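S.K.: Mind having a look at this structure? Questions to follow.
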Amino acid sequence: MSKPNQKERTRAQESTNAIEKLYISMRHLFSRGFYKPMGISGETLRKSLLALRPEIYGSIAEEKTELNGLIYVIERLPEGIEECQFINLTADEGYRNSHFKAIVPPKRRRNCYRIDKDQMNIEITRGRSEIYDILTHLTFLFIESHKIKDRVTIDDSGEKFIREWIHLEEVVLYNKTLTDEEKDVIIVHLGNILGRTYDEVYDVCNSFATDENPNRFLHLIYWLGKLAINEVVLDQKRSIKFSSVLIEEIGHHFYGEIWANNIKKTLLENDLINRPIHIISANMHSVMNTIYAKNALPTKAKEYKGFELFELLSNSDSGALQTKVKQYASEKGLIYIKDTSGTNINVQIIDTDKIDFNTISFKKENSINKKPVIIVMDYAFGEQAYETMDELLKPYKTREGKIHLDVESVSIMGKAGILEGGKGDIMIPSSHIFEGTADNYPFENELSKDNLEGYGVEVFDGAMVSVLGTSLQNKDLLKFFHDSTWNVIGLEMEGAHYQKAIQSASKIRGNISENVKVRYAYYASDNPLETGATLASGGLGMSGVTPTYAITEKIIEQIF
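Following the working numbering, the numbering of the sequence shown begins with 274 at its first residue and continues without gaps.
And the structure:
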């Protein structure tokens with residue numbers, strides 16, 4: 274009997290399989306409690322990441338060192354982690370009360386603590402997605418470190434090194450101050466070590482340089498290579514450990530429940546808990562500025578028209594103006610709740626009854642005599658979106674009984690990768706597809722493509738895919754989502770989790786009205802299908818102001 278022809282797997286199918294293996298492996302290692310990333314226990318992670326070859330990690334599968342990916346990862350990990358042999362992932366276990374200084378990565382809100390010269394502790398308070406994020410970044414980092422090791426060692430003993438490495442070691446260990454000529458020499462040496470050109474290394478050196486440590490990149494490369502050499506020569510394996518408290522707490526909404534109860538307590542104390550509520554997941558400035566900035570800064574509002582005023586407020590030099598808006602807002606109904614739960618999600622509560630509607634452009638067409646309350650929550654991270662939204666929509670338990678929140682709408686605004694278009698364009702989803710599962714969440718979006726046209730940016734509508742990690746995508750997989758009948762327009766990490774919480778609260782559990790309105794809109798932070806346009810290529814800058822405020826304006830219009 275002849276065998277049927279076996280079809281070769283496409284790169285998209287191989288990529289899907291690699292992602293599944295990554296997540297199964299990470300969950301297994303988490304349950305196990307510890308592993309050695311470059312040992313046998315970390316082999317599946319390494320192989321899966323190399324098979325996937327995510328766009329954000331660029332040339333991870335090549336011999337040369339990936340520089341843009343390195344910048345992206347280091348911005349999301351604590352400074353000094355490259356020097357640490359032992360990395361411990363913990364829950365919030367009281368380190369803030371110790372003498373250890375908290376290290377917060379520039380692009381991730383997480384507290385990290387350097388315990389000693391060999392150990393870094395990273396607090397995990399945002400759920401499994403944060404663990405996945407850290408483990409994939411560390412796997413990339415360790416793969417790159419062994420590339421450096423391979424390029425600088427001369428023989429198998431690992432005791433003889435190329436002259437460029439010896440020169441680098443002298444500069445780093447003796448913390449030498451370099452003249453411009455000496456810097457040029459070391460950059461040439463680094464180019465040989467990394468397999469990169471002088472221009473590439475020069476640019477990345479400047480990207481990493483700080484006033485306190487102008488040689489930051491030199492230190493990073495040296496310690497990455499040094500620890501990889503120690504693993505091979507001295508058998509000093511790097512290890513990642515998960516604390517027993519973290520293993521017990523994860524998945525139980527420990528931080529989300531505290532966070533949500535703080536919000537409800539504040540609503541109760543300010544006699545707002547029985548009013549109609551509109552929840553907005555956004556940043557901590559766009560809703561506040563849209564409602565209050567023109568009244569807080571009347572002179573500037575006359576000078577700067579349209580979104581120009583918001584561009585001014587988005588400038589890092591406008592601290593005094595930002596403070597003025599915050600002070601005015603606090604006098605006109607805005608209550609700020611700085612997070613103390615560990616979720617790292619700050620909140621604003623806006624009592625619209627205290628807003629002077631005679632002096633703002635929004636008219637009370639939908640909320641006449643309703644006196645709605647707006648809850649603005651900062652961005653959640655991956656699965657944390659389900660934890661926080663699920664807890665927020667639950668009734669508040671008091672001594673007198675349960676108080677059900679009168680939630681009229683939930684609006685989600687966020688950044689996402691776009692698959693058609695470019696940075697700053699807008700996406701209006703009609704459904705969320707959860708990557709790696711058969712779960713999909715269609716919904717009726719109160720925002721439409723027509724609402725957001727006319728702002729000078731392109732607007733796309735269709736399905737969005739909620740990915741397990743933005744750093745685990747490649748062009749083949751995304752091209753499949755975009756070109757197939759899934760009609761995916763973009764990717765992000767929270768949409769499916771938010772919608773799962775909203776649907777269960779409204780359609781199944783009866784915690785909120787089943788007629789709750791939902792609004793989803795995203796602005797593009799990158800296009801991972803375009804070469805040089807991934808998140809690793811840099812941020813949005815001022816190009817993000819127009820889509821951010823266009824979406825915010827439409828959400829508030831529909832609420833009022």
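The C-beta atom is built at its ideal place from N, Cα and C for all residues, glycine as well.
Fair warning: this is a prediction, and the values are worked out from it, not measured in the lab.
1) Would you report the Cα separation of I531 and E664, rounded to the nearest angstrom?
2) If I measure Cβ to Cβ from T483 and keep anything under 8 Å in the same chain, skipping five residues before and after, which residues do I get?
3) Counting pairs of beta carbons, one from the stretch 586 to 603 and one from the stretch 715 to 729, are three or more of them closer than 8 Å?
4) Alpha carbon to alpha carbon, how far is Q831 from G735? Give it in angstroms, no decimals.
5) When you compare only the Cα positions, how much space is there between K605 and I785?
6) Is there a Cβ of chain D sitting closer than 8 Å to that of V761, yes or no?
7) Alpha carbon to alpha carbon, what distance is there between E693 and S275?
8) Measuring CA to CA, which of S559, I421 and R782 is closest to E336?
9) With the cut-off set at 8 Å, would you say T338 and G468 are in Cβ contact?
10) Report yes if the C-beta distance between S739 and G768 is below 8 Å; otherwise report no.
11) Give the DSSP-derived three-state secondary structure of G238 in the structure shown.
12) Does the pairing of the stretch 643 to 653 with the stretch 542 to 562 give three or more beta-carbon distances under 8 Å?
13) For the stretch 471 to 480 and the stretch 456 to 463, state whether three or more C-beta atom pairs, one from each stretch, are separated by less than 8 Å.
14) Locate the beta strand (DSSP E) running through T819, then write down its first and last residues.
15) May I ask which residues mark the beginning and end of the beta strand (DSSP E) holding C385?
16) Name, in chain order, the residues that DSSP records as bridge partners for L362.
17) Within the same chain, show all residues whose beta-carbon is closer than 8 Å to that of D698, passing over the 5 residues directly before and after it, in chain order.
18) Candidates G783, L725 and I610: which alpha carbon is nearest A794's?
19) What is the rounded straight-line gap between the Cα of L491 and the Cα of E316?
20) Using a threshold of 8 Å, state whether the C-beta atoms of I329 and Y308 are closer than that.
21) Is it buried or exposed for Q509, if we count other Cβ within 10 angstroms and need 16 for buried?
22) Jot down the residue ranges of each uninterrupted alpha helix (DSSP H) in the stretch 413 to 458, minimum 4 residues, whole runs only, in chain order.
23) Please identify the residue among N290, S288, N370 and A823 whose C-alpha is closest to the C-alpha of N562.
24) What are the complete beta strand (DSSP E) segments, minimum 3 residues, inside the stretch 499 to 582?
25) If we count Cβ pairs, one from each stretch, closer than 8 Å, do we get three or more for the stretch 513 to 521 versus the stretch 291 to 308?
26) Three or more C-beta pairs under 8 Å: does that hold for the stretch 398 to 417 against the stretch 655 to 671?
27) Look at A375 and V518 and say whether their C-beta atoms are less than 8 Å apart.
28) Threshold first: 4 residues or longer. Then list the alpha helix (DSSP H) segments lying entirely within the stretch 312 to 346, N to C.
29) If you compare alpha carbons, which of E356, L411 and D629 is closest to L446?
30) Just how far apart, CA to CA, sit L582 and A574?
31) According to DSSP, K675 sits in a beta bridge with which residue or residues?
32) Go to H705, then tell me how far its beta strand (DSSP E) extends in each direction, as first and last residue.
33) Can you tell me which of F754, I762, G353 and I781 puts its alpha carbon nearest to the alpha carbon of A285?
34) Please name the residue in Q595, I297, T596 and V505 whose C-alpha comes closest to that of D428.
M.R.: If we stick to the structure as given:
1) Cα to Cα, I531 sits roughly 9 Å from E664.
2) Excluding residues within five positions, the ones whose Cβ falls inside 8 Å are R489.
3) Segments in contact, no.
4) Cα to Cα, G735 sits roughly 21 Å from Q831.
5) Cα to Cα, K605 sits roughly 28 Å from I785.
6) Of the protein chains in the structure, only one exists, and it is not chain D.
7) Its pLDDT being 49, under 50, S275 is placed unreliably by the model, and the measurement read from it follows with that caveat. Rounded to whole angstroms, the gap between the alpha carbons of S275 and E693 is 44 Å.
8) When the alpha-carbon of E336 is set against those of S559, I421 and R782, the nearest one is in I421.
9) Yes, these two residues count as a Cβ contact at 8 Å.
10) By the CB criterion at 8 Å, S739 and G768 fall inside the cutoff.
11) Since the displayed the chain opens at 274 and closes at 833, residue 238 lies outside it and no answer follows.
12) Flag = yes, the stretch 643 to 653 and the stretch 542 to 562 touch.
13) Here the stretch 471 to 480 lies against the stretch 456 to 463, with 3 or more beta-carbon pairs under 8 Å apart.
14) Membership of T819 in any beta strand (DSSP E) is not indicated; the residue belongs instead to the alpha helix (DSSP H) covering V818 to I832.
15) Taken as a continuous stretch (DSSP letters only), the beta strand (DSSP E) holding C385 covers C385 to D389.
16) Looking at the DSSP output, L362 bridges to I395 and F515.
17) Same-chain partners within the cutoff: I691, V730, E731, V732, F733, Y796, A797 and P820.
18) Residue L725 is the option with its Cα nearest to A794.
19) C-alpha separation (whole angstroms): 28 Å.
20) Cβ atoms of I329 and Y308: not closer than 8 Å.
21) With a 10 Å radius around the Cβ and a threshold of 16 neighbouring Cβ atoms, Q509 comes out exposed.
22) Segments of the alpha helix (DSSP H) lying fully in the stretch 413 to 458: 436 to 446.
23) Among N290, S288, N370 and A823, the Cα nearest to that of N562 is on A823.
24) As far as the stretch 499 to 582 is concerned, its whole beta strand (DSSP E) runs of at least 3 residues are 512 to 515 and 549 to 554.
25) With three or more CB-CB distances shorter than 8 Å, the stretch 513 to 521 counts as touching the stretch 291 to 308.
26) Result yes; three or more Cβ-Cβ pairs closer than 8 Å.
27) Going by C-beta atoms, A375 is not nearer than 8 Å to V518.
28) As far as the stretch 312 to 346 is concerned, its whole alpha helix (DSSP H) runs of at least 4 residues are 316 to 325.
29) The shortest Cα separation from L446 among E356, L411 and D629 belongs to E356.
30) Straight-line Cα distance between these residues: approximately 6 Å.
31) BP columns for K675 point to K670.
32) I699 to F707 is the extent of the beta strand (DSSP E) around H705.
33) When each option's Cα is compared against that of A285, the closest is F754.
34) Checking every option, the nearest Cα to that of D428 belongs to V505.
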